[in-house]
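Asks: Numbering (our numbering), first residue to last: 844 to 1042. First the structure, which I've put down as structure tokens, then a few questions once you've had a look.
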């Protein structure tokens, strides 16, 4: 019986990204029960340390793929602490990443402590627009930053926000975000052509 449980555990570990699901669960639990709630227009922050499992090829700095993953955890923390996550789950919980752009500014060196700052900068009827930054604790340097759009097929975002924050006033859209949205719209239209990049 014990070997069966161990075998099932190994199978699940290799078939699923077990560490990801475990971390999401821990972050949501800590955000809900142990961390201070925030207002929708306040930034949130989670903290971490770059360890060898995060490493790039030479194990001297964080792998580029880890930055967006850490930002994923940051959005879970933010959404739970500002009260939006439960309302999103009532709407089916299907608000996947629809677009993202991340700029890698400087390496995040191995064993460096860092924080991921998350800020909801704007929203429309179908999308949340987050700005996120990865910052080293020791010197306050922004190691990477980007925009992330979590979207829904249904126009429910305004409803979700108004249920939790009935008197909230939507902020002005930043100029760089406006340009980024326009770029994504142009790219979406181009993608409809289904033309190959290489003949």
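Using N, Cα and C, we set each Cβ at its ideal position, and we do this for glycine too.
Looking at the secondary structure, which residues open and close the alpha helix (DSSP H) in which residue 845 lies?
Replies: In the chain shown, residue 845 corresponds to position 2, counting from 1. Segment 845-858, the alpha helix (DSSP H) holding residue 845.
Asks: Contact between the stretch 917-926 and the stretch 946-961 is defined here as three or more beta-carbon pairs at a separation below 8 Å; is this criterion met?
Replies: Because the criterion of three Cβ pairs below 8 Å is met, the stretch 917-926 and the stretch 946-961 touch.
Asks: Using the C-alpha atoms, what's the distance from residue 1001 back to residue 965?
Replies: Position 122 of the chain shown holds residue 965. Position 158 of the chain shown holds residue 1001. Rounded to whole angstroms, residue 965 to residue 1001 spans 11 Å at the Cα level.
Asks: Taking the C-alpha atoms as reference points, what is the distance between residue 994 and residue 939?
Replies: Position 151 of the chain shown, counted from the first residue, corresponds to residue 994. Position 96 of the chain shown, counted from the first residue, corresponds to residue 939. About 6 Å.
Asks: From the DSSP output, in three-state form, read off residue 918 for me.
Replies: For the purposes of this step, residue 918 is taken as the residue at position 75 of the chain shown. Reduced to three states, the DSSP call for residue 918 is helix.
Asks: By DSSP, does residue 1028 sit in helix, in strand, or in coil?
Replies: Position 185 of the chain shown, counted from the first residue, corresponds to residue 1028. Helix.
Asks: If you draw a straight line from the alpha carbon of residue 969 to that of residue 857, how long is it in whole angstroms?
Replies: Residue 969 sits at position 126 when you count from the first residue of the chain shown. Residue 857 sits at position 14 when you count from the first residue of the chain shown. Taking the straight line from one Cα to the other gives about 35 Å.
Asks: So residue 951 packs on residue 904, CB below 8 Å; how close in whole Å?
Replies: Walking along the chain shown from the start, residue 951 turns up at place 108. Walking along the chain shown from the start, residue 904 turns up at place 61. At roughly 6 Å, the Cβ-Cβ gap stays under 8 Å, so residue 951 and residue 904 are in contact.
Asks: Note down the Cα distance separating residue 976 from residue 933, rounded to an integer number of angstroms.
Replies: If you number the chain shown from 1, residue 976 lands on position 133. If you number the chain shown from 1, residue 933 lands on position 90. Going by the C-alpha atoms only, they are around 29 Å apart.
Asks: May I have the straight-line CA-CA distance separating residue 882 from residue 924, to the nearest angstrom?
Replies: Mapped onto the chain shown, residue 882 falls at position 39. Mapped onto the chain shown, residue 924 falls at position 81. The straight-line gap from Cα to Cα measures roughly 8 Å.
Asks: For residue 953 and residue 893, which I take to be in contact (beta-carbon distance under 8 Å), what is that distance rounded to the nearest angstrom?
Replies: Position 110 of the chain shown, counted from the first residue, corresponds to residue 953. Position 50 of the chain shown, counted from the first residue, corresponds to residue 893. Correct: roughly 5 Å between the Cβ atoms.
Asks: In whole angstroms, what is the alpha-carbon distance linking residue 1015 and residue 910?
Replies: Position 172 of the chain shown, counted from the start, is the residue given in the question as residue 1015. Position 67 of the chain shown, counted from the start, is the residue given in the question as residue 910. Spanning the two alpha carbons is a distance of roughly 27 Å.
Asks: Sorted by chain position, which residues of the same chain lie with C-beta nearer than 8 Å to residue 981's C-beta, five sequence neighbours on each side aside?
Replies: Taking the chain shown and counting its residues from 1, the one referred to as residue 981 is at position 138. Only 955, 956 meet the Cβ criterion.
Asks: Rounded to whole angstroms, what is the Cα-Cα separation between residue 902 and residue 949?
Replies: For the purposes of this step, residue 902 is taken as residue 59 along the chain shown, with counting starting at 1. For the purposes of this step, residue 949 is taken as residue 106 along the chain shown, with counting starting at 1. Roughly 15 Å between the two C-alpha positions.
Asks: Suppose only complete runs of 3+ residues qualify. What are the beta strand (DSSP E) ranges in the stretch 859-900, listed by chain order?
Replies: Correct list: 887-892.
Asks: Give the single residue among 941, 983, 979, 946 whose Cα lies nearest to the Cα of residue 972.
Replies: In the chain shown, residue 972 corresponds to position 129, counting from 1. Nearest option by C-alpha distance: 941.
Asks: For residue 871, which option in 884, 927, 935, 847 has the closest C-alpha, if you only look at C-alpha atoms?
Replies: Here residue 871 refers to the residue found at position 28 when the chain shown is read from its first residue. It is 927 whose Cα lies nearest to the Cα of residue 871.
Asks: Please state the DSSP three-state secondary structure of residue 1042.
Replies: Here residue 1042 refers to the residue found at position 199 of the chain shown. With a pLDDT of 47 at residue 1042, under the threshold of 50, the modelled position of that residue is not reliable, and no figure is offered here.
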